[in-house]
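Chemist: Take this structure, written in structure tokens, and hold onto it; I'll ask about it next.
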Amino acid sequence: MEGVKFCDRKGNGFRLGLAVGLASSLVTLVTGSALADEPRSATEPRVMQEPGEVVNVIDAFDDGDPFDIAISLGFQYSTKSAKIQRETNIFGPGLTSGGFTSNLLNVASYSEQTSRLIPRVDIGVYKDLAVYFRAPIILNNSRELTDLDGSSNVQNIVLAGAPGEQLFGLPFTSPDRSGLEYLAVGIDTSAFMNQARDRTKPTLLFGVEGRFALGTPMHACNTQPATGQLQCAHPSDIDRDGVRDGDLEGFDVGERDPGVTRGTIGLEVHTLVSKRIKYLEPYGGFSALFEFQQEDSDYGITDLEGSLVNRPPIRGTMTLGLMIIPWENREKFGRLTFDMRVQGTYTSEGRDYSEIFDAIGSSSAGSMRQPQWAKYQRNPNFNENAPAGMREPISIIDQNSQKTYVTGLTDVQQYASIRGQGSVTWQASEFVKFTLGIGFTHDQKHGISGDQPCNPTFKDDIGQSGPCKSGNELNVGEFVSATGIPNPNYRPTINAVGRRFWVSDSNTFDVFASGVVMF
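The sequence shown lines up with residues -36 to -1, 1 to 483 when you count with mature numbering (1 follows the signal peptide of the UniProt record, and there is no 0).
This is the structure:
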């Protein structure tokens, strides 16, 4: 105002400047108050206040929106391929090195196809707080082992069991499985930080999910058993005729259903954080899945003292992604979102349903079907003063212990996976949106029959050590100590070094789509 005054010595400049300044201040005051304090209509569009798709949590009791519910139906089709290989100590003479020991032999080509229908319901509980229910339904799951580079021509070598036996034959086809995979109940919240409510902060999502296997656990089956044998026999039915062996000999166990669930109860925790920057919203986070076996599954059969690994694996996943929002119509509740992400998963060692689950669990080979005792005991006839050649072993089989059987579940070694995924989401209106995407996953090479012969945790009793000891008690004067107790799930035919199975070149391709109706 002083600048205007000085350019008119008669004082007109001062009066003009004062008038303009007052008018400007009044306009600013009035308009500023209206923008900041004017109440928003309950029917005013709100849709673009929500964050991106991956961190969006429906809510309730918000301004003009007392209740939210979203119902979605998704479909996923995945196809997996892998190579099954096996260790061997076959000697190959005539090479320039003077000899060669082959590390891995090709056994079979593995293929698996799965179709899933995934209904889901999200219910808003409070502001940025929702519970959800998800129930993946497997429409069809099929698995097959076929020839790999001529392996079917040398099955007697690559699939050899004990002398004179073969573990299974090629091609091997598992039964088609279908049914409810599990029921998931979870809770998600973004109440801690939400960019839509405070632009200075990112959006942080945190959730916990429980997974409950309500259907029949998977059982090892063979769709082409020998004449007179059951397709899905109980592990204790060594003759596959529907009659159980052992303490309940003569007890009819019949044929089992192939099943479709993992026979576990799962607990999953997950978190994601994102920050919207104009048309881009980068995000990242992690999740972890812990599973606990159910006793009515085949995990219960292998849950014995001395077992080294009898828990399902733990899976941890890191996620990095970017959402691109090139178009949105705030007035008509429309938005187009592209989502690209990369995920890295670590799967710990654990007893699991491997690629050879059905083939091993339904094997007719005697070394796999015959039971073995779970424990050893001190030999009452052992005499440390007896001369060499007349001594008996210090530890012998306890024939009062439980018998152990092969179920098909094996000790799968730890491995890493990497996944790339891309999807597009179109929100067509206030109440409807659609998603379409593809993904690709590669699993690191890993062993799938890695049980060890001894459990070193138990070293206190030489009488229970069986073969797990140092020294030879049959030699006079030789010191003998226990190195552990035998692992009741160890089978040299598939677990001994030089006989173990491996999976390599494991790749999974999947496509998925979903539609959501929001109320």
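Beta carbons are placed, not taken as given, at the ideal position from N, Cα and C, and that holds for glycine. None of the values given here were measured: they were computed from a predicted structure.
Around the C-beta of A72, are 16 or more other C-beta atoms found within 10 angstroms, so that it is buried, or is it exposed?
Modeler: The sequence position of residue 72 within the sequence shown is 108, counting from 1. It counts as buried.
Chemist: Is the beta carbon of L244 less than 7 Å from the beta carbon of V19?
Modeler: The count along the sequence shown starts at 1 and reaches residue 244 at position 280. The count along the sequence shown starts at 1 and reaches residue 19 at position 55. It is not a contact, given that the beta carbons lie outside the stated cut-off.
Chemist: How would you write the range of the beta strand (DSSP E) that residue 486 sits in, first residue to last?
Modeler: Absent from the structure is residue 486, since the part of the chain shown begins at -36 and ends at 483.
Chemist: Using the Cα positions of G248 and Y96, report the straight-line distance between them to the nearest angstrom.
Modeler: For the purposes of this step, residue 248 is identified with residue 284 of the sequence shown, where counting begins at 1. For the purposes of this step, residue 96 is identified with residue 132 of the sequence shown, where counting begins at 1. Near 22 Å, if we compare the C-alpha coordinates of Y96 and G248.
Chemist: Throw me the rounded Cβ distance for the Q258 and A177 pair, which I believe falls under 8 Å.
Modeler: Against the sequence shown, residue 258 aligns to sequence position 294. Against the sequence shown, residue 177 aligns to sequence position 213. That belief holds up - the Cβ atoms of Q258 and A177 are roughly 7 Å apart, short of 8 Å.
Chemist: When the Cα atoms are used, what is the spatial distance from D205 to D86?
Modeler: Along the sequence shown, one-based indexing puts residue 205 at 241. Along the sequence shown, one-based indexing puts residue 86 at 122. Using only the alpha carbons, I get a separation of about 48 Å.
Chemist: Can you give the Cα-Cα distance for Y310 and F297, rounded to whole angstroms?
Modeler: Here residue 310 corresponds to residue number 346 of the sequence shown, with the count starting at 1. Here residue 297 corresponds to residue number 333 of the sequence shown, with the count starting at 1. Spanning the two alpha carbons is a distance of roughly 39 Å.
Chemist: Looking at the structure shown, is V376 part of a helix, part of a strand, or coil, going by DSSP?
Modeler: Taking the first residue of the sequence shown as 1, we reach residue 376 at position 412. The answer is strand: DSSP assigns V376 an E or B state.
Chemist: Please state whether DSSP places P456 in a helix, a strand or coil.
Modeler: Sequence index remark: in the sequence shown, residue 456 carries index 492 (1-based). In the structure shown, P456 sits in a helix (DSSP, three-state: H, G or I).
Chemist: Under 8 Å by Cβ, that's how I've got T164 and V21 pegged, so tell me the actual separation to the nearest angstrom.
Modeler: Along the sequence shown, read from residue 1 onward, the residue named residue 164 stands at position 200. Along the sequence shown, read from residue 1 onward, the residue named residue 21 stands at position 57. Not confirmed; about 19 Å, so no contact.
Chemist: Looking at P139 and residue 485, is the spacing between their C-beta atoms short of 7 Å?
Modeler: Outside the displayed span of the chain (-36 to 483) sits residue 485, for which this structure offers no information.
Chemist: Hey, is the region 278 to 286 in contact with the region 249 to 268, meaning 3+ C-beta pairs nearer than 8 Å?
Modeler: At 8 Å Cβ cutoff, the stretches touch.
Chemist: Does the region 35 to 49 come into contact with the region 183 to 191, if we say contact requires no fewer than three beta-carbon pairs (one atom in each stretch) closer than 8 Å?
Modeler: Verdict: no, contact absent.
Chemist: Tell me where the alpha helix (DSSP H) around F321 begins and ends.
Modeler: Here residue 321 corresponds to residue number 357 of the sequence shown, with the count starting at 1. That run of the alpha helix (DSSP H) goes 321 to 325.
Chemist: By how many angstroms is the C-alpha of T472 removed from the C-alpha of Q363?
Modeler: Here residue 363 refers to the residue found at position 399 when the sequence shown is read from its first residue. Here residue 472 refers to the residue found at position 508 when the sequence shown is read from its first residue. If you take the alpha carbons of Q363 and T472, they lie about 46 Å apart.
Chemist: Is it buried or exposed for R294, if we count other Cβ within 10 angstroms and need 16 for buried?
Modeler: The residue you call residue 294 lines up with position 330 of the sequence shown. So R294 ends up on the exposed side.
Chemist: Going by DSSP in three states, V444 sits in which element: helix, strand or coil?
Modeler: On the sequence shown, residue 444 is found 480 positions in, with the first residue counted as 1. It is coil, neither helix nor strand.
Chemist: Considering only residues of the same chain and omitting the five flanking positions on each side of V480, which have a CB-CB separation below 6 Å?
Modeler: Your numbering for residue 480 matches position 516 in the sequence shown. Cβ neighbours of V480 beyond the five flanking positions: A34, S36, K397.
Chemist: Taking the straight line between their C-alpha atoms, what separation do you get for G133 and N70?
Modeler: Indexing the sequence shown from 1 puts residue 133 at position 169. Indexing the sequence shown from 1 puts residue 70 at position 106. Cα-Cα distance, rounded: 14 Å.
Chemist: For D425 and I449, I'd like the C-alpha separation in whole angstroms.
Modeler: Counting from 1 along the sequence shown, the entry for residue 425 is found at position 461. Counting from 1 along the sequence shown, the entry for residue 449 is found at position 485. Distance between the alpha carbons of D425 and I449 is about 9 Å.
Chemist: Please go through the same chain and pick out, in chain order, the residues whose beta-carbon is closer than 6 Å to the beta-carbon of D113, but skip the five residues on each side of it.
Modeler: Counting from 1 along the sequence shown, the entry for residue 113 is found at position 149. Same-chain partners within the cutoff: N70.
Chemist: If contacts are defined as beta-carbon pairs under 8 Å, then S413 and N459 qualify, I think. What distance do you get, rounded to the angstrom?
Modeler: To locate residue 413, count along the sequence shown from 1; it is residue 449. To locate residue 459, count along the sequence shown from 1; it is residue 495. Rounded, the Cβ-Cβ distance is 6 Å, consistent with contact.
Chemist: In whole angstroms, give me the CA-to-CA distance for G62 and G270.
Modeler: For this step, residue 62 is matched to residue 98 along the sequence shown. For this step, residue 270 is matched to residue 306 along the sequence shown. Since pLDDT at G62 reaches only 43, below the 50 mark, its modelled position is unreliable, and the value read off the structure follows with that caveat. Spanning the two alpha carbons is a distance of roughly 42 Å.
Chemist: Compare the beta carbon distance of F395 and M304 with 7 Å and say whether it is the shorter of the two.
Modeler: Here residue 395 corresponds to residue number 431 of the sequence shown, with the count starting at 1. Here residue 304 corresponds to residue number 340 of the sequence shown, with the count starting at 1. Against a cut-off of 7 Å, the Cβ pair of M304 and F395 comes out as no contact.
Chemist: Under the rule that 16 or more other beta-carbon atoms within 10 Å means buried, what is V467, buried or exposed?
Modeler: As a first step, residue 467 is located in the sequence shown; it is residue number 503 there, counting from the start. Per the 10 Å Cβ criterion, buried.
Chemist: In whole angstroms, what is the alpha-carbon distance linking G430 and I360?
Modeler: Start at 1 with the first residue of the sequence shown, and residue 430 comes out as number 466. Start at 1 with the first residue of the sequence shown, and residue 360 comes out as number 396. Looking at the two C-alpha atoms, the distance is approximately 6 Å.
Chemist: Counting only the same chain and skipping the five closest in sequence on each side, list residues whose C-beta sits under 6 Å from that of D322.
Modeler: Sequence index remark: in the sequence shown, residue 322 carries index 358 (1-based). Answer for D322: S138, A184, C185, listed in chain order.
Chemist: To the nearest angstrom, report how far apart Y74 and R315 are at their CA atoms.
Modeler: In the sequence shown, the residue the question calls residue 74 occupies position 110. In the sequence shown, the residue the question calls residue 315 occupies position 351. Looking at the two C-alpha atoms, the distance is approximately 20 Å.
Chemist: Does D209 pass the burial test, meaning 16 or more other C-beta atoms within 10 Å, or should it be called exposed?
Modeler: For this step, residue 209 is matched to residue 245 along the sequence shown. The residue is buried, with at least 16 neighbouring Cβ atoms inside 10 Å.
Chemist: Between which two residues does the alpha helix (DSSP H) harbouring I202 extend?
Modeler: As a position in the sequence shown, residue 202 is number 238, starting the count at 1. Neither: I202 is in no alpha helix (DSSP H) and is coded neither H nor E.
Chemist: Closest to E145 by CA distance: which of P100, T52, Q366 is it?
Modeler: Indexing the sequence shown from 1 puts residue 145 at position 181. Closest by alpha carbon: P100.
Chemist: Here's a check: name, in chain order, each residue in its chain whose Cβ is nearer than 8 Å to the Cβ of A124, leaving out the five neighbours to either side.
Modeler: To locate residue 124, count along the sequence shown from 1; it is residue 160. Cβ neighbours of A124 beyond the five flanking positions: Q130, L131.
Chemist: Can you give the beta carbon distance from Q416 to G401, rounded, assuming they're within the 8 Å contact cut?
Modeler: Working through the sequence shown from its first residue, we reach residue 416 at position 452. Working through the sequence shown from its first residue, we reach residue 401 at position 437. Not confirmed; about 41 Å, so no contact.
Chemist: Below 7 Å between beta carbons: does that hold for T405 and R383?
Modeler: Against the sequence shown, residue 405 aligns to sequence position 441. Against the sequence shown, residue 383 aligns to sequence position 419. The answer is yes: Cβ separation under 7 Å.
Chemist: Could you tell me which uninterrupted beta strand (DSSP E) segments, each at least 3 residues in length, are contained entirely in the region 383 to 451, listed from first to last along the chain?
Modeler: With a minimum length of 3 residues, the continuous beta strand (DSSP E) runs that stay inside the region 383 to 451 are 396 to 407.
Chemist: Could you give the first and the last residue of the continuous alpha helix (DSSP H) run that contains I361?
Modeler: Sequence index remark: in the sequence shown, residue 361 carries index 397 (1-based). Taken as a continuous stretch (DSSP letters only), I361 belongs to no alpha helix (DSSP H), being part of the beta strand (DSSP E) at 359 to 361.
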